[in-house]
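Participant: Counting from 776, one number per residue, gives the positions in the sequence shown under our numbering.
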Amino acid sequence: MALRNLLADGGTNAAVAWAILAFLFAVAVAEAALGSFLWAGFAVVAALVAAVPPLAARDPSVMLPWWLLAVVAIPPVVEPFEPLTKVAAYFAVAALALSVAVDLHAFTAARMSRRFAVAFVVLTTMAVAGVWTTVRGLADLYFGASFFRGPNDLMWDLVVSSAVGVLGGLGFERYFYRADHGGVRGLSPRGDGE
Numbered sequence: 776m777a778l779r780n781l782l783a784d785g786g787t788n789a790a791v792a793w794a795i796l797a798f799l800f801a802v803a804v805a806e807a808a809l810g811s812f813l814w815a816g817f818a819v820v821a822a823l824v825a826a827v828p829p830l831a832a833r834d835p836s837v838m839l840p841w842w843l844l845a846v847v848a849i850p851p852v853v854e855p856f857e858p859l860t861k862v863a864a865y866f867a868v869a870a871l872a873l874s875v876a877v878d879l880h881a882f883t884a885a886r887m888s889r890r891f892a893v894a895f896v897v898l899t900t901m902a903v904a905g906v907w908t909t910v911r912g913l914a915d916l917y918f919g920a921s922f923f924r925g926p927n928d929l930m931w932d933l934v935v936s937s938a939v940g941v942l943g944g945l946g947f948e949r950y951f952y953r954a955d956h957g958g959v960r961g962l963s964p965r966g967d968g969e
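This is the structure in structure tokens:
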């Protein structure tokens with residue numbers, strides 16, 4: 776199955792995807808107004824990645840699957856429930872990595888096999904988590920922030936992010952498997968069925 780086939784050009788998918796895209800922009804504005812520039816930046820990047828397919832295809836009905844965008848949009852929704860925020864954020868990073876892989880594959884000369892795309896999702900999730908954990912650890916050390924209660928907290932953060940990256944990769948692999956065997960429908964914007 777081509778990664779490009781994850782793009783759907785249907786009315787229902789497009790309507791829900793556009794609603795999620797609008798939600799992401801609203802979250803970006805609200806988070807920026809509250810001074811939470813990390814989440815505001817994440818929401819803007821996610822919205823821009825989601826906007827690539829309709830802009831590149833010049834067709835507002837060509838969108839990433841709504842469920843993929845919903846996973847990306849979960850962190851702001853669960854933000855008040857602190858234990859869930861961290862896990863949701865890593866799942867959102869995994870979904871965003873898959874969105875980037877689909878956009879690259881569909882609209883550039885870059886080509887990825889589905890296994891490479893899954894590996895890309897896992898490694899990107901782990902890399903982003905590692906950088907983010909390092910930044911927060913340095914903030915604790917040099918600025919007196921209280922992101923971690925100790926080294927165990929920091930290590931568990933890395934373990935959770937790695938586990939979520941692997942789970943996200945396995946989930947996407949399962950989705951690709953179902954798509955290859957007729958369980959999921961998807962359309963290619965170029966119509967070449969690659």
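Each residue gets a CB set at the ideal place from its N, CA and C atoms; glycine is no exception.
Remember, it's a predicted structure, so these values are computed and weren't measured experimentally.
Put G961 into one of helix, strand or coil per three-state DSSP.
Facilitator: Reliability fails at G961, whose pLDDT of 42 lies under 50, so the model's placement of it is uncertain and the value that follows must be treated cautiously. If DSSP states are grouped into helix, strand and coil, G961 belongs with coil.
Participant: By Cβ distance below 7 Å, which residues in the same chain neighbour A872 in space, the five residues on each side in sequence not counted?
Facilitator: F895, V896, T899 and T900.
Participant: Counting C-beta neighbours from all protein chains within 10 Å, is the total for Y917 16 or more, i.e. buried, or is it exposed?
Facilitator: Counting Cβ neighbours within 10 Å, Y917 comes out exposed, since fewer than 16 surround it.
Participant: Using only alpha-carbon positions, find the residue among Y865, A805, A863 and F882 that is nearest to L832.
Facilitator: Note that residue 832 corresponds to Ala in the displayed sequence, not to Leu. Of Y865, A805, A863 and F882, the residue nearest in Cα terms is F882.
Participant: At a Cβ threshold of 8 Å, is T908 touching chain D?
Facilitator: The structure shown has no chain D; it contains just one protein chain.
Participant: Confirm, please, whether the CB-CB distance from M887 to A904 is below 8 Å.
Facilitator: Not a contact, by the Cβ cut-off of 8 Å.
Participant: What does the alpha-carbon distance come out to for the pair D941 and V837?
Facilitator: Per the sequence presented here, residue 941 reads as Val, with Asp not at that position. Near 28 Å, if we compare the C-alpha coordinates of V837 and V941.
Participant: Once the 5 residues before and after W841 are set aside, which same chain residues still bring their CB inside 6 Å of it?
Facilitator: Within the same chain, W841 has close Cβ partners N788, V791 and A792.
Participant: The alpha helix (DSSP H) that contains G912, what's its start and end?
Facilitator: Segment R889 to F918, the alpha helix (DSSP H) holding G912.
Participant: Return the bridge partner residues of M930 from the DSSP annotation.
Facilitator: M930 pairs with nothing; no bridge assigned.
Participant: Short of 7 Å in beta carbon distance, which residues of its chain neighbour I795, apart from the five on each side in sequence? Order them along the chain.
Facilitator: Here the set comprises W841, L844, A845 and A848.
Participant: Out of A801, A825 and L813, which one is the CA nearest neighbour of L879?
Facilitator: The shortest Cα separation from L879 among A801, A825 and L813 belongs to A825.
Participant: At what residues does the alpha helix (DSSP H) containing S811 begin and finish?
Facilitator: That residue, S811, is in no alpha helix (DSSP H); it is neither H nor E in DSSP.
Participant: Nearest-angstrom Cα distance between F800 and P850?
Facilitator: Going from the Cα of F800 to the Cα of P850 covers about 14 Å.
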